[in-house]
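The block underneath contains the structure these notes are about, expressed in structure tokens.
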Amino acid sequence: MVSRTLLTSYLAATVAGYSFLDFNFGPLSLQDNKKGEERQQPIGAGSDDDPLSDFNHGFTKIPPKDFTGDLSEGPLFAGIVSFAHLPVLNCLNGDQKFDIAVVGAPFDTAVSYRNGARFGPSGIRDGSRRMAPGTYSAFDPESDPLSDAVVVDCGDIAMTPFDNRIALDQLYRGERAILKNKAASDNKPPRIVTLGGDHTVTFSAIRAVSEVHGPVTVLHFDSHIDTWHPVALGGNVSSYSQLNHGTFLHYAHEKGFLTEHGNMHIGVRAPYVRKHKDLENDKKCGFESILAREIDTIGVEGISKKIMDQAGTNKVYISVDIDVLDPAYAPGTGTAEAGGFTTREFLTLLDSLKGLNVVGADVVEVSPPYDTNAQITALAASEVANSLFSLIENAP
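Numbering follows UniProt numbering, with no gaps: position 34 of the sequence shown is 34.
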């Protein structure tokens with residue numbers, strides 16, 4: 001039923017010769033129902049001082065010419081792209097105060113299949129455009145990970161594409177320098193969330209973190225184990241190729257960056273290279289595995305309990321290869337494997353791990369050239385990063 005007020009407004013507008021919208025909101029068209037010289041002139045007919053003055057009626061108000069207060073903060077799709085519109089800092093000089101640093105690692109010259117992850121940091125940032133401080137989780141309305149701590153974007157570490165040894169050392173030195181800053185909350189070293197980049201970058205990140213916190217327990221979300229012996233993957237070609245995105249955890253263990261026990265792979269489903277020997281080497285590196293299909297038997301809750309029990313109170317580094325997701329949800333990656341987690345399942349799993357003592361994290365292997373036009377991989381990776389912020393902020 002039409003309300004009496006609405007009907008009265010409509011009748012009054014009709015009698016006066018105005019449209020219903022004109023009556024309620026002011027004239028919306030370039031020409032109204034006035035006659036002769038009173039009729040509104042087309043665009044360009046305003047005064048010399050303000051050509052738009054004729055159109056400053058109704059609910060539209062053009063500010064003074066020199067007003068700039070509404071020009072720096074625009075819609076979420078505009079502006080210089082940082083992660084989730086976070087402030088950008090030069091974090092390498094060691095005199096800044098922040099709790100969490102977003103750091104890009106544009107590197108993909110240690111992959112065994114598809115490259116393109118050098119564009120991962122910029123792709124993830126682009127996928128985070130609709131995120132911003134001051135927005136709250138639908139699943140935890142009290143939580144705003146981008147505002148609950150001082151989170152900044154430190155940009156990318158320059159990594160040469162011509163020599164992996166130099167590039168990985170550049171990332172190590174960059175993250176080492178960033179960790180010399182102080183956290184805004186407690187004056188301790190800040191935490192870093194690295195955006196990759198192929199998975200080899202985790203070696204440099206863990207190296208830097210372990211210098212500050214000692215050996216860390218790695219929770220490795222991936223479809224592959226990445227503890228392959230160098231002889232089995234790459235190292236039989238040359239010594240230069242021994243450190244790559246499938247062997248970095250082998251070397252991280254060998255160098256003493258990892259705890260002897262408590263490390264876990266979660267979401268594994270890729271085939272092994274050597275029968276029995278791959279798993280034997282994995283055990284030597286201190287890892288246990290939760291296979292991807294276990295989500296069908298014990299569910300997210302069961303996987304979460306296994307992880308929490310295994311990690312305990314250890315200092316934890318979380319590494320997320322986006323290929324832990326099924327290719328239906330993350331096609332933009334280097335070595336996709338069918339049968340992975342859905343984005344919803346994985347985000348629920350990550351968010352269930354609050355209480356772990358997370359001292360660093362990364363999300364890697366995002367390859368924008370293989371993503372869809374809708375950027376579904378980049379969108380997923382940006383949400384993963386946001387969940388990692390929350391875990392860090394809730395760490396003891």
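Every residue, glycine too, gets a C-beta built ideally from N, C-alpha and C.
S128 and S382 closer than 8 angstroms at C-beta = yes
Between G120 and S367, is the Cβ-Cβ spacing less than 8 angstroms?
-> yes
Are G234 and N244 touching if we call contact CB-CB under 8 angstroms?
-> yes
P230 versus V218, H253 and P215, residue with shortest Cα-Cα distance | H253
Under three-state DSSP, which class holds M264?
-> strand
Report, in whole angstroms, the separation of the C-beta atoms of A105 and L171, which I expect to be a contact under 8 angstroms.
-> 5 angstroms
Can we say the segment 310–330 touches the segment 273–282, given the rule of at least three CB pairs closer than 8 angstroms?
-> no
CB-CB under 7 angstroms to P215, same chain, minus the five flanking residues each way: which ones, in chain order?
-> G256, F257, L258 and T259
Do D282 and I225 come within 8 angstroms of each other at the CB atom, strictly closer than that value?
-> yes
Should the segment 96–113 be called in touch with the segment 184–198, which here means at least 3 C-beta pairs below 8 angstroms?
-> Cβ pair count under 8 angstroms is three or more, so yes.
Stretch pair the segment 73–92 + the segment 344–353: three plus CB contacts closer than 8 angstroms = Fewer than three Cβ pairs drawn from the segment 73–92 and the segment 344–353 lie within less than 8 angstroms of each other, which leaves the two stretches out of contact.
By how many angstroms is the C-alpha of T372 removed from the C-alpha of R269?
-> 23 angstroms
Run of the alpha helix (DSSP H) containing Y370, from where it starts to where it stops | Neither: Y370 is in no alpha helix (DSSP H) and is coded neither H nor E.
Are there three or more Cβ pairs, one per stretch, closer than 8 angstroms when the segment 386–394 is compared with the segment 126–145?
-> yes
Please name the residue in L356, I318 and E175 whose C-alpha comes closest to that of I157.
-> Nearest C-alpha to I157 among L356, I318 and E175: E175.
Within the segment 333–377, ranges of the alpha helix (DSSP H) (whole runs, at least 4 residues) = 343–351
Give me the Cα-Cα distance between I298 and I192, rounded to the nearest whole angstrom.
-> A direct Cα-to-Cα measurement between I298 and I192 gives close to 32 angstroms.
By the 10 Å Cβ neighbour count, where 16 or more other Cβ atoms means buried, how is V320 classified, buried or exposed?
-> With 16 or more other Cβ atoms within 10 Å, it is buried.
Name the two residues that bound the continuous alpha helix (DSSP H) containing A311.
-> G299 to A311
Compare the Cα-Cα distances from Q96 to each of S122, P190 and S137 and report the closest residue.
-> P190
From K182 to V201, what distance separates their C-alpha atoms?
-> 23 angstroms
Delimiting residues of the beta strand (DSSP E) encompassing S289 | Looking at the DSSP string, the run of the beta strand (DSSP E) that includes S289 is F287 to L291.
Would you list the one or two residues that DSSP bridges to L258?
-> V216
Going by DSSP, what residues sit across from L233 in a beta bridge?
-> DSSP lists no partner for L233.
So is Y113 buried or exposed if we call it buried at 16+ other beta carbons inside 10 Å?
-> exposed
Please classify F329: is it buried, with 16 or more other beta-carbons within 10 angstroms of its beta-carbon, or exposed?
-> In the sequence on display, residue 329 carries Tyr and not Phe. Buried, since its Cβ has 16 or more Cβ neighbours within 10 Å.
How would you call A138, buried or exposed, if buried means at least 16 neighbouring beta carbons within 10 angstroms?
-> exposed
DSSP state of Y317, grouped into three classes?
-> strand
Should A374 and I124 be called a contact, given that it needs their Cβ atoms to be closer than 8 angstroms?
-> no
What whole-angstrom Cβ distance do A132 and A101 have, given they're in contact under 8 angstroms?
-> Taking a contact as a CB-CB distance under 8 angstroms, the pair A132 and A101 does not count as one, their CB atoms being some 18 angstroms apart.
Which residue comes first and which comes last in the alpha helix (DSSP H) that contains R176?
-> N164 to I178
Could you tell me the distance, in whole angstroms, from the CA atom of K305 to the CA atom of G360?
-> 21 angstroms
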